[in-house]
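Heads up: the sequence shown begins at 6 in the working numbering, then just goes up one per residue. Positions of the beta carbon are idealized from the N, C-alpha and C atoms, including for glycine.
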Amino acid sequence: MTNLIEYTSTDAAPSSPSRRDAPVALPFLLAIGRGFTLAGWGAIILVSGIFGATVHWGLGRVLDFSLMALAGFLFVFLFEGLAVLLWKLLNAILSRAHLDTLNGYIQAIPAAIAGRFVGIGLIVFGDVLWPESIFQHVTIALPGKFIVMAAAVGGGFIFAARLVKRPFARWAVAALGLLPLLAVILWLAWPGTDAYLAQASPVEPQVPAPVMPNPALPGPYAVATLSYGSGGRRPEFAEGATLTTRPVDGSPLFAGYSGLIGDYFRWYNGFDLTAAPLNGLVWYPQGEGPFPLVLIVHGNHNMTEPSDPGYAYLAEHLASRGMIAVSVDENYLNGFNLTDPDMAEMPLRAWLLLKHLEQWRDWNAAPGNPFYGRVDMERVGLIGHSRGGEAVAHAAEMNARPIDAAAAVSKGGDFGFGIRGVVALAPCDNRYRPAGRPLHLKNADYLLLASGHDGDMYYLDGLGQYARATFAENPDGFKALAYLYRGNHGNFNSVWGDNDKGWFNSLLLNRKPLLTVEEQQQAALVFITGFLEASLNGRDEYRALFYDLPAARAWLPTGVIVTQYMDADFIQVDANTTGSREELDVPGGSAEVRDMTAWRNAGRLLRDGVTTVPNRGMLLEWAAGGDPAYILNLPEGMAAERGLSLDHALSFTLAHMAESGTIGRIWVELEAKGVVVRLPLDQFGPMPPLLPAQLVKADWIAEMPSYEIDTRTPYERVDQTYDLPLAAFAAADPDFQPESLSIVRFLFDGAADGRIMVDEIGFRTP
């Protein structure tokens, strides 16, 4: 080492006993330590500043950056100062105790380096070492940790290079130190991989001509905009508002924050939740009306970055098609910086929507108001995203019957609006349990629009609410699901974009497979507009979007899209509610199998490996080499009693349940009075693929305690609805008579192993 290293040191006096007797490599180690801690400290300052600028403290970008950069500086500086004081204290104690040897070893370690090392370690690894402590809120985001550690390692190499005598070797060591940081930066910039994506079935269904115009096309109305509000820091809700609203007291539902957090909340917003504002951005058709009213509400995002403008694309489109669309401001219920209400605010999110509807009812009845007589309060739709997606379902139920704390602030009969349709975009579910029970939506049509590459709601949580939605108080109702396999959480909102976990943490998401924001919003326009046209305007032809997707495929982005549909007129044969695999739901019916290795009534486990869906299905497994079949024997005379005709369709859902591979072809065979007709399933829709999703760039990221993506399986099991018109079977054999139908057979390709789930078997009129 002596021929490569110059002995230079500024960290301790040359006369130090420990230094005088130290090995020649010590200066090299001290240089590494000094470079490591200084570069790491600098990276912490930079990363903290970037974090401050991206989360917005309300002081402006420059001050937000400066404030958090200063916090990062002071955190490490604090431990440096504490270490210096501790070293002095130890020196005094050990000197008095005449422990010179021990004291010499301790004093040989520069206090400043030791203090910085501890500070860097705590801000990087504190949440891992003490996961339930304050370090959960103090440590930097995971990408920042990688940057800090790479910078620290690089700093160590560069400082060590200063001691290398030979120029070429010196530059080589310094360049080597830059490689970790360069590698981290390139990896964070890398969008990820889409090599694993499932592909749509190569077999093209026989697609009929669409019986509906493209709902994503603009409508005939010119669109105007305005805003209303109760004041506050945003001009559009204060001096720029066309209409003024009175704030409402929401504190009985959610009291808000206390202490310093409460002071910050009141300073930033200018109010507390005893005076919650009713603010909204409005897009409306220019015409006499009356028009349906649609409220759109965002979910949780940083409070200081307004989310409501992000639905302008959707609101303007709905207005062009003759609907008044309002993007509601509930940003003050969102988390901010280091604080999140953690779903305690959910009932208030829902209740505020009803207070907005009250305001609209008043305007509709007030002569001289620009909306006087122009709003149809019997045709109301609610659209919610993320936490807002759960809130809209609660609002629809609160509308019919105030629940829990809502009863404390609402008299019975205050609401009662004509809420006909509820749309949930990538929602959470079951975070608020009225009376301690999951919410059962009974009085409105329901659409669940979800994504397969959602980095926030990383499992299909909304499937629970979809399964619980019934038609008990909605005799002409329907529910539908559209699952965008390549969609994410945030692209439904133009403000959120593809940063599902915040700007910094989203650098670790696998974004290569994602639809573009334009593609995802195009899909949203198709499904949401079609749903609302059917639900609010009675355009029942648009229901076909969810059971005859091939007919609308040209309007949608490429890639797998899974849909489901159910309505109140469904004639149920078997939805696996009896608990017996041999008994059908319809009395007198029975089921049997052929060449199956297993068949059982089974539940559904979502991608997190914990959450279950309320409804169950029939799980079928077979081994290669047989002639597998699932056979339903209908009760004698059932088809005639229920009026089955060529106007009906056989309806059911299928899901791919294997861990790998593909399902071979499936045929559906119907038998009526000895006439047997067999048709391939792919004639009516694509085969159900296995849907893997790699949400992050590397699997080990999801296991980090600070990242919160816990997927036990890479697959989400999503059922696809199939509607097979009985007229198609009659076209194949004119002797087929639906009123005599007695047996339904599902026949599977036995060339390879298979595992699927079949459910919701019955008949309905398209």
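- Here residue 740 is exposed, its C-beta having fewer than 16 other C-beta atoms within 10 Å.
- In the three-state DSSP reduction, residue 150 falls in the helix class (H, G or I).
- The straight-line gap separating the alpha-carbon atoms of residue 766 and residue 686 is approximately 14 Å.
- By the C-beta criterion, the segment 72 to 92 is judged to be in contact with the segment 112 to 130, since at least 3 inter-stretch pairs fall below 8 Å.
- DSSP places residue 66 within a helical segment (H, G or I) once states are collapsed to three.
- Just so you know, the alpha carbons of residue 550 and residue 296 end up roughly 23 Å apart.
- Secondary structure of residue 714 (DSSP, three-state): coil.
- Of all C-beta pairs linking the segment 311 to 321 to the segment 246 to 266, fewer than three are shorter than 8 Å, placing the two stretches out of contact.
- Under the three-state reduction of DSSP, residue 595 is assigned to strand.
- Between residue 430 and residue 532, the CB-CB gap reaches or exceeds 7 Å.
- When C-beta atoms of the segment 57 to 73 are compared with those of the segment 153 to 167, fewer than three pairs fall below 8 Å, so the two segments do not count as touching.
- One Cα belongs to residue 617, the other to residue 564, and the distance between them is close to 27 Å.
- 7 Å or more divides the Cβ of residue 749 from the Cβ of residue 651.
- In this model, residue 51 and residue 103 are separated by some 44 Å (Cα to Cα).
- Cβ neighbours of residue 285 within its own chain (closer than 6 Å, five residues either side excluded): 233, 331, 333.
- Residue state for residue 123 is assigned as helix, using DSSP reduced to three classes.
- In this structure residue 502 does not touch residue 492 by the C-beta definition: roughly 13 Å separates them, more than the 8 Å allowed.
- Counting only runs of 3 or more residues that sit fully inside the segment 423 to 478, the beta strand (DSSP E) segments are 424 to 430, 450 to 456, in chain order.
- Within 10 angstroms of the beta-carbon of residue 536 lie 16 or more other beta-carbons, which makes it buried.
- Sixteen is the threshold: since fewer than 16 other Cβ atoms of the shown chains lie within 10 Å of the Cβ of residue 705, the residue is exposed.
- Considering only 239, 441, 353, the residue with the shortest C-alpha distance to residue 254 is 353.
- Using a Cβ distance threshold of 7 Å, residue 133 and residue 710 count as a contacting pair.
- When secondary structure is reduced to three states using DSSP, residue 404 falls in the helix class.
- Looking at the backbone, the Cα of residue 480 and that of residue 580 are separated by about 19 Å.
- When the five nearest sequence neighbours on each side are left out, the beta carbons in the same chain lying within less than 7 Å of the beta carbon of residue 224 are those of 325, 326, 327, in order along the chain.
- Taken atom to atom, the span from the alpha-carbon of residue 364 to that of residue 583 is near 47 Å.
- Residue 681 and residue 735 have their alpha carbons spaced roughly 10 Å apart.
- In the DSSP assignment, residue 48 falls within the unbroken alpha helix (DSSP H) covering 31 to 60.
- By a beta-carbon distance limit of 8 Å, residue 259 does not contact residue 402. Their separation comes to about 18 Å.
- Under the criterion of beta carbons closer than 8 Å, residue 506 and residue 574 do not qualify as touching, at roughly 42 Å.
- Sequence-distant partners of residue 185 (beyond 5 residues in either direction) whose C-beta falls short of 6 Å from its own C-beta, in its chain, are 155, 158, 159.
- Under the Cβ criterion (8 Å, minimum of three pairs), the segment 627 to 636 counts as touching the segment 601 to 609.
- Relative to the Cα of residue 73, the nearest Cα in the group 82, 67, 54, 91 belongs to 54.
- Judged by pairs of C-beta atoms under 8 Å, the segment 303 to 313 does not touch the segment 518 to 527, as fewer than three such pairs exist.
- For residue 46, the number of other beta carbons within 10 angstroms of its own is at least 16, and it is reported as buried.
- Here residue 216 is near residue 546, since their CB atoms are less than 7 Å apart.
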